[in-house]
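Q:
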Amino acid sequence: METNMAQMQNIYARPVAQASVNERIEFLKRVYGWMTAALLMTVIGAAISIQSGIALKMLSGGWVTTIITFLVWIGLAHVLQKVRHKPMINVLAFAGYALFTGLVVSTLIMVAMLMGQAIAGDSMTYIYQALGLTVAVFGGLTVYTFFTKRDFSFMRGMLITGLIALIVLGIMNMFIQSSIMAMGVSFLGVLIFSGFVLFDTQRIMKQYPVDEHVAGAMTLFLNFVLLFMHILRLVLLFAGNRD
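Residue numbers (the working numbering): 22 to 264.
(1) Starting from the Cα of Ala-68, find the closest Cα among Gly-123, Lys-107, Thr-57 and Arg-263 and give me that residue.
(2) With distances taken from CA atoms, which of Val-246, Trp-55 and Leu-258 is nearest Gly-153?
(3) Hey, would you say Val-211 sits closer than 7 Å to Ile-252, going by beta carbons?
(4) Which residues does DSSP pair with Pro-108 in a beta bridge?
(5) Just reading off the alpha helix (DSSP H) that Val-256 is part of, what are its end residues?
(6) Can you check which of these residues, Gly-261, Leu-243, Gln-228 and Val-235, is closest to Val-37 by C-alpha distance?
(7) Do the stretch 170 to 189 and the stretch 199 to 209 make contact, defined as three or more Cβ pairs closer than 8 Å?
(8) Classify Leu-135: buried if its beta carbon has 16 or more other beta carbons within 10 angstroms, exposed otherwise.
(9) Check whether the Cβ atoms of Thr-155 and Leu-248 sit closer than 7 Å, and answer yes or no.
(10) Going by C-alpha distance, which of Val-52, Pro-108, Asn-43 and Ile-110 is nearest His-234?
(11) Going by C-alpha distance, which of Val-93, Ile-95, Leu-113 and Ser-127 is nearest Gly-74?
(12) Quick one: residues in its chain with C-beta nearer than 7 Å to the C-beta of Ser-41, no 5 flanking neighbours on either side, listed in chain order?
(13) Looking at the unbroken alpha helix (DSSP H) that takes in Gly-161, where does it start and where does it end?
(14) Which word fits Arg-263, buried or exposed, when buried means at least 16 other C-beta atoms lie within 10 angstroms of its C-beta?
Structural data, given as structure tokens:
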């Protein structure tokens, strides 16, 4: 019995790169299944925030509320990483985090809806545009990562440095309020999180054990949401300039 248990543990401890084709396919199904479920939870969280008036109150709170909410969100992401190896707890924590993410993005979604209604006559037009672009970029980079033989591990240092620069520039522009700088920050964000999609997708496939599909979904979920937020900001900035 102990021998069988040890064999099972060894099987699940293997990284995805060393697993059979069927195990890899099953792993990917679960990763993107959990990720999709989390994105749906985020939509629900955003809808609740907007419908209940929370998003409007957050907008009224200005940059102080934005920074506090963002810091709480980042802090919860670290908590999420601490429990990613714990069965069931990681699922519940992931669901709660996805709902809170909906609260975080709800202010941007609300601004996009108001601008869409005012400029294009359709509150959802810019959201759909940004979502379509995000799916295309995320999907294209994911497929490229699956088939390329390139090693993206060298990107780690550059991505972390870029992320720090992105945060600093974003905070600076809260005070400067420059539309040109906002566009530059958003474009930089798209580049950085596109890089994270490449880096993290390959890292998950090479380093994650076959039973850590929830942990893999957590990582890619964050990449998708952050990529979407920066693409949506770009879409809104271009729409505002055209108007």
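Glycine is no exception: its CB is placed at the ideal position from the N, C-alpha and C atoms.
A: To lay it out plainly:
(1) Numbered from its first residue, the sequence shown carries residue 68 at position 47. With distances taken between Cα atoms, Ala-68 lies closest to Gly-123.
(2) On the sequence shown, residue 153 is found 132 positions in, with the first residue counted as 1. The candidate whose alpha carbon is nearest that of Gly-153 is Val-246.
(3) As a working mapping, residue 211 is identified with position 190 in the sequence shown. As a working mapping, residue 252 is identified with position 231 in the sequence shown. Cβ atoms of Val-211 and Ile-252: closer than 7 Å.
(4) Here residue 108 refers to the residue found at position 87 of the sequence shown. DSSP, once it has assigned bridges, lists no residue as partnering Pro-108.
(5) Walking along the sequence shown from the start, residue 256 turns up at place 235. Unbroken alpha helix (DSSP H) run through Val-256: 234 to 263.
(6) Within the sequence shown, residue 37 is the residue found at index 16, counting from 1. Val-37 has its Cα closest to that of Gln-228, out of Gly-261, Leu-243, Gln-228 and Val-235.
(7) yes
(8) Locating residue 135 in the sequence shown gives position 114, where the first residue counts as 1. Leu-135 is exposed by the Cβ-count criterion.
(9) Reading the sequence shown from its first residue, position 134 is the one you call residue 155. Reading the sequence shown from its first residue, position 227 is the one you call residue 248. Yes, they are a contact pair.
(10) Translated into positions along the sequence shown, residue 234 becomes position 213. Considering only alpha carbons, the answer is Val-52.
(11) One-based indexing of the sequence shown puts residue 74 at position 53. Checked all of Val-93, Ile-95, Leu-113 and Ser-127; the closest Cα to Gly-74 is Ser-127.
(12) On the sequence shown, position 20 is the one that residue 41 refers to. Closer than 7 Å at Cβ, skipping near neighbours: no residue.
(13) Looking up residue 161 in the sequence shown gives position 140. Its alpha helix (DSSP H) spans residues 146 to 168.
(14) Locating residue 263 in the sequence shown gives position 242, where the first residue counts as 1. The residue in question, Arg-263, is exposed, as its Cβ has fewer than 16 Cβ neighbours within 10 Å.
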